[in-house]
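Novice:
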Amino acid sequence: MGVKSMAKKVRDTMYRWGGEERRPYALWHDGAPGAVGNEEADRHTYSLYLPRDERRNGRLVVVLPGGGYCGHAEHEAAPVGRWLRSLGVAAMVVRYRLAPRYRHPVMLHDAQQAVRLARANSDAWEISPNRIGILGFSAGGHLAAITANLSSPGDPARPDFAVLIYPVIRMTGPLAHPGCRAALTGDAAESALARGLNADELVSPSSPPCFIVHGSDDEVIHVGNTHAYAAACRAHGVPCEAHCFAVGPHGFGLARGAGAVAAWPRLCADWLARLD
0 MGVKSMAKKV
10 RDTMYRWGGE
20 ERRPYALWHD
30 GAPGAVGNEE
40 ADRHTYSLYL
50 PRDERRNGRL
60 VVVLPGGGYC
70 GHAEHEAAPV
80 GRWLRSLGVA
90 AMVVRYRLAP
100 RYRHPVMLHD
110 AQQAVRLARA
120 NSDAWEISPN
130 RIGILGFSAG
140 GHLAAITANL
150 SSPGDPARPD
160 FAVLIYPVIR
170 MTGPLAHPGC
180 RAALTGDAAE
190 SALARGLNAD
200 ELVSPSSPPC
210 FIVHGSDDEV
220 IHVGNTHAYA
230 AACRAHGVPC
240 EAHCFAVGPH
250 GFGLARGAGA
260 VAAWPRLCAD
270 WLARLD
């Protein structure tokens, strides 16, 4: 079965089940680059959340849960797919490959493949190929940011917009998270590879617009990461809306019932609506 035929089958199955995909599918159909085996740790999958016809707006967001590049936080996965679907936005929740079995650039390749796959199947999934974005939490936010900036305009792997939630941005310097750096690069030291993955330094005038959320009291990933990325966007004329809440400890996810920071999904929905 071809990729597009499979995509249509997935869509039709989801409509029968009320819009939520129950079985994950492989990101790579002809062998994943850098694969070292066929065990559970080698899996690279996505699950789709497609809105009903009456709510669909043609937009799709690739969702990258956080977890320090060593795991996938469940509260940043399926619940986010369901939230986006409720907005009329299709969601593709990705389980990218992880450390210690994998290092950069494998995670980047998986994220780029997700964007590429969404764009290739835009007809089958009834989405617009020019309205495909990426959303990441924590380490997934770093992966979203580098995916947005390491693909050139016109590249099918480049997202049209990015949403970064308490993102890791810096891989070196005082704002860096040493554990994330070690997981991603395999080296605890501030190597040349790590310096090349400072997401704020990858921003250019062609970077896609972004929406960022962070808690100023985040004790895991310093809010200065968000400040650095927002400043880089301003310097290059890239549209960027950043919300830094006074209270918002790391890992709040959709932040339901969590005080002022619980407003971020609504603010993000408003921002998405203004992109057109």
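Just so you know, we're using numbering that gives the first Met the number 0 here: the sequence shown kicks off at 0 and counts up by one.
Here a beta-carbon is modelled for each residue, glycine too, at the ideal position from N, C-alpha and C.
(1) Hey, quick one: how far does the beta strand (DSSP E) through C243 stretch, first residue to last?
(2) Might you give, ordered along the chain, the residues of its own chain that have their beta carbon closer than 6 angstroms to the beta carbon of L142, omitting 5 neighbours on each side?
(3) H103 and S184 - do their beta-carbons sit closer together than 8 angstroms?
(4) Scan the segment 33 to 99 and note each continuous beta strand (DSSP E) run of 3 residues or more that stays entirely inside, going in chain order.
(5) Using a Cβ-based criterion (distance less than 7 angstroms to any ligand heavy atom), does Y95 qualify as near the ligand ZN?
(6) Does Y228 come out as helix, strand or coil in the three-state DSSP assignment?
(7) Quick check on the burial criterion: 16 or more other C-beta atoms within 10 angstroms. Buried or exposed for G172?
(8) With a threshold of 7 angstroms on Cβ separation, who are the neighbours of H71 within its own chain once the five nearest residues in sequence on each side are excluded?
(9) Excluding sequence positions up to five away, which residues of its chain have a Cβ less than 7 angstroms from the Cβ of R21?
(10) Indicate whether N56 and G87 have their beta-carbon atoms separated by less than 8 angstroms.
(11) Can you give me the Cβ contacts of P32 inside the same chain, cut-off strictly under 6 angstroms, excluding the 5 residues immediately before and after it?
(12) Determine the burial state of A161: buried for a count of at least 16 other Cβ atoms within 10 Å of its Cβ, exposed for fewer.
(13) For a test of the three-state rule: what should DSSP assign to V219, helix, strand or coil?
(14) For A40, I'd like the list of residues in its chain whose CB is within less than 6 angstroms of its CB, leaving aside the five on either flank, ordered along the chain.
(15) So within the segment 146 to 181, which uninterrupted beta strand (DSSP E) runs reach at least 3 residues, ignoring any that extend past its ends?
(16) Whole angstroms are fine: how far does the CA of M170 sit from the CA of E189?
(17) Note down the Cα distance separating V114 from N148, rounded to an integer number of angstroms.
(18) Just verifying my parser: in three-state terms, what is the DSSP assignment at W270?
(19) Would a C-beta distance cut-off of 8 angstroms place N120 and D159 closer than the cut-off?
(20) For the alpha helix (DSSP H) that contains H108, what are its first and last residues?
(21) Which residue or residues does DSSP assign as beta-bridge partners of H213?
Specialist: Reading from the atomic positions:
(1) The residue given as residue 243 occupies position 244 in the sequence shown. Segment 239 to 244, the beta strand (DSSP E) holding C243.
(2) In the sequence shown, counting from the first residue as 1, residue 142 sits at position 143. Within its own chain, the residues whose Cβ lies closer than 6 angstroms to the Cβ of L142, once the five positions on either side in sequence are excluded, are L63, M106, A110, G135, listed in chain order.
(3) Taking the sequence shown and counting its residues from 1, the one referred to as residue 184 is at position 185. Taking the sequence shown and counting its residues from 1, the one referred to as residue 103 is at position 104. Note on identity: in this sequence residue 184 is Thr, with Ser being the wrong assignment. Against a cut-off of 8 angstroms, the Cβ pair of H103 and T184 comes out as a contact.
(4) If only uninterrupted beta strand (DSSP E) runs of at least 3 residues are considered, those enclosed by the segment 33 to 99 are 44 to 48, 59 to 63, 89 to 94.
(5) Of ligands this structure carries none, so the ligand ZN is not represented either.
(6) For the purposes of this step, residue 228 is identified with residue 229 of the sequence shown, where counting begins at 1. Looking at Y228 - three-state DSSP - the assignment turns out to be helix.
(7) Counted from its first residue, the sequence shown places residue 172 at position 173. So G172 counts as exposed.
(8) For the purposes of this step, residue 71 is taken as residue 72 along the sequence shown, with counting starting at 1. Cβ neighbours of H71 beyond the five flanking positions: P64, R94.
(9) For this step, residue 21 is matched to residue 22 along the sequence shown. Only weak support exists for where R21 lies, its pLDDT of 49 falling under 50; the coordinates are left without a value.
(10) The sequence position of residue 56 within the sequence shown is 57, counting from 1. The sequence position of residue 87 within the sequence shown is 88, counting from 1. Yes, Cβ-Cβ distance for N56 and G87 is below 8 angstroms.
(11) Here residue 32 refers to the residue found at position 33 when the sequence shown is read from its first residue. Here the set comprises H108.
(12) For the purposes of this step, residue 161 is taken as residue 162 along the sequence shown, with counting starting at 1. Buried, since its Cβ has 16 or more Cβ neighbours within 10 Å.
(13) Taking the first residue of the sequence shown as position 1, residue 219 is located at position 220. Per DSSP, reduced to three states, the secondary structure at V219 is coil, with no helix or strand assignment.
(14) Numbered from its first residue, the sequence shown carries residue 40 at position 41. Non-local beta-carbon contacts of A40 in its own chain, meaning distances under 6 angstroms to residues more than five positions away in sequence, involve R100 in chain order.
(15) Segments of the beta strand (DSSP E) lying fully in the segment 146 to 181: 160 to 164.
(16) Counting from one through the sequence shown, the residue named residue 189 turns up at place 190. Counting from one through the sequence shown, the residue named residue 170 turns up at place 171. In this structure, the alpha-carbon of E189 lies about 8 angstroms from that of M170.
(17) For this step, residue 114 is matched to residue 115 along the sequence shown. For this step, residue 148 is matched to residue 149 along the sequence shown. Straight across, the Cα-Cα distance linking V114 with N148 is about 13 angstroms.
(18) Position 271 of the sequence shown, counting from 1, holds the residue named residue 270. Of the three classes helix, strand and coil, the one that applies to W270 here is helix, per DSSP.
(19) Position 121 of the sequence shown, counting from 1, holds the residue named residue 120. Position 160 of the sequence shown, counting from 1, holds the residue named residue 159. Cβ atoms of N120 and D159: not closer than 8 angstroms.
(20) Counting from 1 along the sequence shown, the entry for residue 108 is found at position 109. First-last of the alpha helix (DSSP H) with H108: 105 to 119.
(21) Numbered from 1 along the sequence shown, position 214 holds the residue referred to as residue 213. For H213, which the question treats as bridged, DSSP gives the partners C243.
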